[in-house]
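Colleague: The structure under discussion is supplied below as structure tokens; questions concerning it will follow.
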Amino acid sequence: MVDLRGRGVVAVEALARLMLADGRVLTPAAFLDGMSAQSRRDLSREMLRQGLALLARLDAQGISLGLSFNVDADFILDADCVHCFRDLVDASGIDPGRITLEILESGEFLTTESALELMRALREAGARIALDDVGSAYSSLLRLKELPIDRIKLDQAFVRDLAQGPDNLVFVMALQSLAQGLDVELIVEGVETPAMLDAMIALGVDSVQGYALARPMPADQLAAWMIDGAITPHRNDRQPDTLLGAYAAHLRQRALMDSIIREGTFVHVLDVIHDCPLVRYLSAQGMRNDHPLLQIHQRIVHIFHGRRRLIDLETSDTNLMAAEQHLARLVADALSAEAAVSC
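Written out as structure tokens, the structure reads:
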């Protein structure tokens with residue numbers, strides 16, 4: 001996991017794998033459903049035990065990281081769960097705050113008071129709690145403020161097809177704002193391309209993980225990967241260098257300007273609107289003012305002029321939405337053309 005606020009690699013996620021005698025490696029999808037409740041609890045304990053041992057080995061090499069892993073509902077609901085966590089962490093000498101237990105948002109047990117009490121007890125024991133695959137279960141999304149959590153992880157389905165639907169970035173931006181309001185960290189999963197990473201940086205997302213950063217690797221290769229400096233910390237105030245990133249920066253700036261205008265603070269607003277990262281990117285690519293992307297952006301600027309004068313705000317909202325939808329379609333078309341050229 002990379003912290004996009006300038007801290008670089010801050011944590012790794014431990015993944016369960018089953019190696020067969022013939023050398024084949026199975027993911028949980030191939031074996032988890034066939035395990036008993038007790039076996040799943042044992043697996044969660046073993047993940048914690050091996051994870052703590054990994055952190056200790058990394059510490060000995062001067063590499064300090066956090067570690068997260070998915071825990072089964074049966075582990076959380078086990079009356080011995082908190083004692084197990086304390087005993088294993090105490091024996092390892094690792095700060096419990098470096099351990100994040102990831103719980104699926106779709107887990108029905110989140111609706112039970114006993115589960116919430118155990119989650120609170122785990123946090124009191126020093127563990128961090130992350131709600132995984134947020135967005136995959138609407139009911140829990142409504143209850144985020146009630147859950148004792150430290151982090152939320154956006155389901156990768158919301159970013160997987162950004163090239164085809166770049167307007168999905170609006171949802172990511174809204175969830176980042178929600179996370180800030182709840183004082184929890186947002187982690188976006190499934191960031192698989194440099195353009196997606198560029199967009200997350202432009203939106204000001206807290207942290208990301210995915211193939212754009214690193215592919216899954218055996219634990220014994222992690223130290224070498226870290227020492228090689230594979231990941232460089234990113235600043236989120238830089239100029240985007242991809243179309244998707246520039247569009248994300250446009251969305252973030254437009255939301256800010258819209259908020260300022262609604263508050264009635266108009267000083268320098270239009271100067272900022274004109275100085276749009278998307279315009280700078282397109283101009284740097286050699287596009288002229290008659291290019292459709294720049295023309296629709298100019299249309300958006302004209303609408304903001306009207307909003308500044310508070311003339312027919314409802315109509316300007318409708319026009320702005322239509323213009324932004326048109327811009328999103330043009331960006332999607334341009335991204336599709338880019339992909340075709342690169343093939």
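Okay, so the sequence shown: first residue is 1 according to the UniProt record's numbering, each after it adds one.
Beta carbons are placed, not taken as given, at the ideal position from N, Cα and C, and that holds for glycine.
Here the structure is a predicted model, which is why all the values come from computation and not from measurement.
1. Using the DSSP secondary-structure output, state which residues sit across from Lys145 in a beta bridge.
2. Is there contact here, the stretch 126-137 with the stretch 146-163, by at least three beta-carbon pairs under 8 Å?
3. What separation, rounded to the nearest whole angstrom, lies between the Cα atoms of Asn70 and Trp225?
4. Would you kindly report the start and end of the unbroken alpha helix (DSSP H) that includes Gly181?
5. Looking at C-beta atoms only, is the number of pairs between the stretch 69-83 and the stretch 36-50 that lie closer than 8 Å three or more?
6. Leaving out the 5 sequence neighbours to the left and right, which residues in its chain are closer than 6 Å to Arg86 when beta-carbon positions are compared?
7. Within 10 angstroms of the Cβ of His305, are there 16 or more other Cβ atoms? Answer buried if so, exposed if not.
8. Quick one: residues in its chain with C-beta nearer than 8 Å to the C-beta of Met287, no 5 flanking neighbours on either side, listed in chain order?
9. Pick out whichever of Ala121, Glu13, Arg17, Val159 has its Cα sitting closest to the Cα of Gly245.
10. Compute the Euclidean distance between the alpha carbons of Ser68 and Met119, then round it to the nearest angstrom.
11. Would the beta-carbon of Ser283 fall within 8 Å of that of Leu4?
12. How would you write the range of the alpha helix (DSSP H) that Glu113 sits in, first residue to last?
13. Rounded to a whole number of angstroms, what is the C-alpha to C-alpha distance between Val89 and Gly23?
14. Taking the alpha helix (DSSP H) that Ile94 falls in, what are its first and last residues?
15. Provide the residue(s) that pair with Met19 in DSSP beta bridges, ordered along the chain.
16. Spatial neighbours of Ser114 within its chain, please: C-beta separation below 8 Å, excluding the five flanking residues on both sides.
17. Please list the terminal residues of the continuous alpha helix (DSSP H) segment that includes Val279.
18. Candidates Leu213, Thr242, Ala14: which alpha carbon is nearest Ala202's?
19. For Tyr281 and Pro240, what's the separation of their Cα atoms in angstroms?
20. Given that a residue counts as buried once 16 or more other Cβ atoms are within 10 Å of its Cβ, and exposed if not, what is Gln61?
21. Beta-carbon separation of Pro194 and Ala332 under 8 Å?
22. Taking the alpha-carbon positions, what's the Gly181 to Glu324 distance?
23. CB-CB under 8 Å to Ile187, same chain, minus the five flanking residues each way: which ones, in chain order?
24. Excluding sequence positions up to five away, which residues of its chain have a Cβ less than 8 Å from the Cβ of Arg40?
25. Helix or strand or just coil, what does DSSP make of Thr193?
Modeller: Short version:
1. As a working mapping, residue 145 is identified with position 145 in the sequence shown. Partner(s): none; Lys145 has no beta bridge.
2. With a cut-off of 8 Å, the stretch 146-163 and the stretch 126-137 count as touching, because enough Cβ pairs lie within range.
3. Locating residue 70 in the sequence shown gives position 70, where the first residue counts as 1. Locating residue 225 in the sequence shown gives position 225, where the first residue counts as 1. So the alpha carbons of these two residues sit roughly 23 Å apart.
4. Walking along the sequence shown from the start, residue 181 turns up at place 181. Secondary structure note for Gly181: its alpha helix (DSSP H) is the uninterrupted segment 169-182.
5. yes
6. As a first step, residue 86 is located in the sequence shown; it is residue number 86 there, counting from the start. Ala125, listed in sequence order.
7. Residue 305 sits at position 305 when you count from the first residue of the sequence shown. Note on His305: under 16 other CB atoms within 10 angstroms of its CB, so exposed under the neighbour-count rule.
8. Residue 287 sits at position 287 when you count from the first residue of the sequence shown. Here the set comprises Leu293, Leu294.
9. Locating residue 245 in the sequence shown gives position 245, where the first residue counts as 1. Taking only the C-alpha atoms, the option nearest Gly245 is Val159.
10. Taking the first residue of the sequence shown as position 1, residue 68 is located at position 68. Taking the first residue of the sequence shown as position 1, residue 119 is located at position 119. Answer to the nearest angstrom: the Cα atoms are 15 Å apart.
11. Position 283 of the sequence shown holds residue 283. Position 4 of the sequence shown holds residue 4. Cβ atoms of Ser283 and Leu4: not closer than 8 Å.
12. Translated into positions along the sequence shown, residue 113 becomes position 113. That run of the alpha helix (DSSP H) goes 113-124.
13. Within the sequence shown, numbered from 1, the residue matching residue 89 stands at position 89. Within the sequence shown, numbered from 1, the residue matching residue 23 stands at position 23. Here the alpha carbon of Val89 sits roughly 32 Å from the alpha carbon of Gly23.
14. For this step, residue 94 is matched to residue 94 along the sequence shown. Element bounds for Ile94: n/a, residue is neither H nor E.
15. Your numbering for residue 19 matches position 19 in the sequence shown. Val25.
16. Mapped onto the sequence shown, residue 114 falls at position 114. Close CB contacts of Ser114 within its chain, under the 8 Å cut and outside five residues either way in sequence, are with Leu77 (chain order).
17. Sequence index remark: in the sequence shown, residue 279 carries index 279 (1-based). Taken as a continuous stretch (DSSP letters only), the alpha helix (DSSP H) holding Val279 covers 277-284.
18. Numbered from its first residue, the sequence shown carries residue 202 at position 202. Of Leu213, Thr242, Ala14, the residue nearest in Cα terms is Thr242.
19. Mapped onto the sequence shown, residue 281 falls at position 281. Mapped onto the sequence shown, residue 240 falls at position 240. Taking the straight line from one Cα to the other gives about 7 Å.
20. Looking up residue 61 in the sequence shown gives position 61. Gln61 comes out exposed.
21. Looking up residue 194 in the sequence shown gives position 194. Looking up residue 332 in the sequence shown gives position 332. No, these two residues do not count as a Cβ contact at 8 Å.
22. Translated into the one-based positions of the sequence shown, residue 181 becomes position 181. Translated into the one-based positions of the sequence shown, residue 324 becomes position 324. About 26 Å.
23. Locating residue 187 in the sequence shown gives position 187, counting from the first residue. Met1, Ala130, Arg151, Ile152, Lys153, Leu154, Asp206, Ser207, Val208, Gln209, listed in sequence order.
24. Within the sequence shown, the letter at position 40 stands for residue 40. Only Leu32, Asp72, Asp74, Phe75 meet the Cβ criterion.
25. As a working note, residue 193 is residue 193 in the sequence shown. If DSSP states are grouped into helix, strand and coil, Thr193 belongs with coil.
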